[in-house]
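Asker:
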Amino acid sequence: MAPEKIIIDTDPGVDDILALLLALSASPEEIELLLISLTFGNIDVENCLRNTVSLFHVLEKEILWRKRTGRLQRGYDSLQRHKPVVAVGAHRPLEDQVLMGDYFHGIDGLGGVHTKAPHFTPTEIWRHLFHSPSADSAPIPPDSPTPLPQEALFTPSSSPAHLEILEQLKSHPPHTVTIIAVGPLTNLALAAAHDPETFLLAKEVVIMSGTIDLEGNVTPMAEFNAYADAVAAARIFALTSPEPQRTMPPGQSSLASYPSTLSKRLNLTIFPLDITTMHLLNESEFDKLTAPLREEGSPLAQWASVFIHATFRKMESLYVAAAGGEGVKRIQDVDISLHDPLCVWYVLTRLVSGWKAVEDRDIRVDATGQWTRGMYVVDRRTRKKATEEEVKGLEEVKGDCDGWLHPRWGNRVRQMVESPDRDGFGRAMIQRIFL
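Under the working numbering, think of the first position of the sequence shown as 89, with each following residue one higher.
1. State the CB to CB distance for the pair A322 and A455, rounded to an integer number of angstroms; the pair is presumed to be in contact (CB under 8 Å).
2. Got a sec? Which residues, its chain only, sit under 8 Å from Q256 by beta carbon, not counting five neighbours each side?
3. Under three-state DSSP, which class holds E447?
4. With a floor of 3 residues, list each beta strand (DSSP E) that falls wholly inside the region 400 to 440, ordered by position along the chain.
5. Can you list the alpha helix (DSSP H) stretches of 4 or more residues lying completely in the region 133 to 206, in chain order?
6. Since S372 is in the alpha helix (DSSP H), which residue starts that stretch and which ends it?
7. Express the C-alpha separation of M309 and P303 in angstroms, rounding to a whole number.
8. Could you check whether P330 and R449 sit closer than 8 Å to each other, using their CB atoms as the reference points?
9. For a quick check, are the C-beta atoms of I300 and A269 less than 8 Å apart?
10. Report the option in D488, R138 and N305 whose CA atom is closest to the CA atom of F218.
11. Got a sec, what are the start and stop residues for the beta strand (DSSP E) E292 sits in?
12. What is the rounded straight-line gap between the Cα of D231 and the Cα of P210?
13. Please check the pair L327 and L354, which I expect to be a contact at CB under 8 Å, by giving their CB distance rounded to whole angstroms.
14. Less than 8 Å between the C-beta atoms of F312 and I451, yes or no?
15. Is the region 284 to 291 in contact with the region 190 to 208, if contact means three or more CB pairs nearer than 8 Å?
16. With a threshold of 16 other CB atoms inside 10 Å of the CB of P360, please say whether the residue is buried or exposed.
17. Spatial neighbours of G163 within its chain, please: CB distance less than 6 Å, with the 5 preceding and 5 following residues excluded, ordered by chain position.
18. Bridge partners for T243 per DSSP, in chain order?
19. Where H179 and P429 are concerned, what is the direct C-alpha to C-alpha distance, given to the nearest angstrom?
20. Could you check which residue in L406, A445, E118 and R469 has the C-alpha nearest to that of V505?
21. Looking only at C-alpha atoms, which of N305, A205 and K480 sits nearest to L143?
22. For L381, which residues from the same chain have a beta carbon less than 7 Å from its beta carbon, with the 5 sequence-adjacent residues on both sides left out?
23. Report the CB separation of L187 from P284 in whole angstroms; it is logged as a contact under 8 Å.
24. What did DSSP end up calling T274 once you bin it into helix, strand or coil?
25. Give me whichever residues DSSP pairs with A280 in a beta bridge.
26. Got a sec, what are the start and stop residues for the alpha helix (DSSP H) K258 sits in?
27. What's the gap between the Cα of D488 and the Cα of Q333?
28. Counting only the same chain and skipping the five closest in sequence on each side, list residues whose C-beta sits under 8 Å from that of K171.
29. Cα separation between L251 and K486?
30. Quick check: what's the CA-CA separation for P227 versus D509?
31. Determine the direct distance from the alpha carbon of Q519 to that of W443, and round the result to whole angstroms.
32. Along the chain, where does the beta strand (DSSP E) containing V265 start, and where does it finish?
33. Does the distance from the CB of R502 to the CB of L276 come in under 8 Å?
34. Could you pull out every unbroken beta strand (DSSP E) segment of at least 3 residues lying fully inside the region 482 to 515, listed in chain order?
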């Protein structure tokens, strides 16, 4: 079977990097990573770029170390066959003010790894290869024109990320490329607005975003990615509707509306906090699996341990604060949720039995609410949708506002609710990435 062709749209903080590593560690028969498109989110796009280039820099060292020690049984050999493109994208949301997630991931997105372990951060010789011809892309100041080393494991793109996404979709057969988006959806919204029919050539769009029944993590109602650009999320969700104009965000927009008719609906799969929060990486298990590698000199294990342990300490501080603050005994065993890697794991294993979803769910994104921006809204009423016969000749269902009960209105989203191995995922991910 042909490998899954994927694009990962990301704002590389800690779990984003783990998601990238999970994809890059897959065999060439499993995944072909075509493009890493960068967006603001956890951090600004300049730090996103630094983290991504650092990732490849560390992988170069890791591959050499594995060869030298006779350990290259598997993992990362796909990079020798296909170098993913890296493109810089949106540095701000479509309409709202920028909200960064550096309060959790640290100012550099990786728990201060660039100051704690500077030997893993490359010099900035590649930044000149990325420039921003669009106002929607980040300004990357030029450096001295040092050429990209031939052994570099990625290909830089000078095009803004949303155009590079469209280019990748055009250059591969229709419905063969899956987009995995684990940050704000700004790049995807820009791509869809620029050329909606090309965007709809995606096989599937898989996103880590939002919450349905759990509380939010940045407001009581909203998850970070959905809140950071709620307008972009609403526009992407609208593409799943038979009539996208019905669920588009209200008000004036800097982007064009979609055409009144489109060739198909977007195949959108969401991983909200409801499912991702339950998939955990345990600190003791992480140390048990990676401590020997750190001691033996694995560059990847040494680098990743810096920001993963920083995340464990951050989670510990949140637990302690929730339990009463200072004076609470240090927590002995901490877990972190693997939000973003779960999306990659789904694409890797989607044919494995055990994945469960709610199909065609009408989930709408509140893009303008004072207190509910980024909220994923569902109809919790017990009323049944009307049939086509019942609404024949009518614009609305009697007693229903905004078309929640109309058979042609509303979004059609696949919400993932269960994975094949919730308890074993963290271990499986670490084994793939590091062993």
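Don't be surprised by glycine CBs; every beta carbon is placed ideally from N, CA and C. A quick note: this is a predicted structure, and the numbers were derived from the prediction, not measured.
Answerer: In this structure, then:
1. 4 Å between Cβ atoms; contact.
2. I95, L122, L123, V173 and V265, listed in sequence order.
3. Looking at E447 - three-state DSSP - the assignment turns out to be strand.
4. Counting only runs of 3 or more, we get 423 to 425.
5. If only uninterrupted alpha helix (DSSP H) runs of at least 4 residues are considered, those enclosed by the region 133 to 206 are 133 to 156, 166 to 169, 190 to 193 and 201 to 204.
6. DSSP places S372 inside the alpha helix (DSSP H), whose first and last residues are E371 to E384.
7. A quick correction: the sequence has Glu, not Pro, at residue 303. Taking the Cα positions, E303 is about 6 Å away from M309.
8. Contact: no.
9. Cβ distance not < 8 Å, so I300 and A269 don't count as in contact.
10. Relative to the Cα of F218, the nearest Cα in the group D488, R138 and N305 belongs to R138.
11. Segment E292 to M296, the beta strand (DSSP E) holding E292.
12. Only weak support is given to the placement of D231: the predicted model assigns it a pLDDT of 45, under 50, and the question is left unresolved by the model.
13. Separation of the CB atoms of L327 and L354 is rounded to 4 Å, and the pair is thereby assigned contact status at 8 Å.
14. No, the pair does not count as a contact, with Cβ atoms beyond the cut-off.
15. Counting Cβ pairs under 8 Å, fewer than three are found: no touch.
16. Counting Cβ neighbours within 10 Å, P360 comes out buried, since at least 16 surround it.
17. Result list for G163: S113, in chain order.
18. In the DSSP output, where bridge partners are listed per residue, T243 has V173.
19. In a straight line, the C-alpha of H179 is about 23 Å away from that of P429.
20. Closest in alpha carbon position to V505, among L406, A445, E118 and R469, is A445.
21. Residue A205 is the option with its Cα nearest to L143.
22. Closer than 7 Å at the Cβ level, and outside the excluded window around L381, lie A389 and F522.
23. Actually they do not touch by this definition, with Cβ atoms about 27 Å apart.
24. Helix, per DSSP.
25. A280 is not bridged to any residue.
26. Taken as a continuous stretch (DSSP letters only), the alpha helix (DSSP H) holding K258 covers A249 to K258.
27. Spanning the two alpha carbons is a distance of roughly 18 Å.
28. Result list for K171: A240, L241, F242 and T243, in chain order.
29. The C-alpha of K486 is placed about 43 Å away from the C-alpha of L251.
30. Since pLDDT at P227 reaches only 45, below the 50 mark, its modelled position is unreliable, and the value read off the structure follows with that caveat. About 42 Å.
31. Taking the straight line from one Cα to the other gives about 21 Å.
32. Note, V265: beta strand (DSSP E), V265 to A269.
33. No.
34. Whole beta strand (DSSP E) segments, 3+ residues: 501 to 506.
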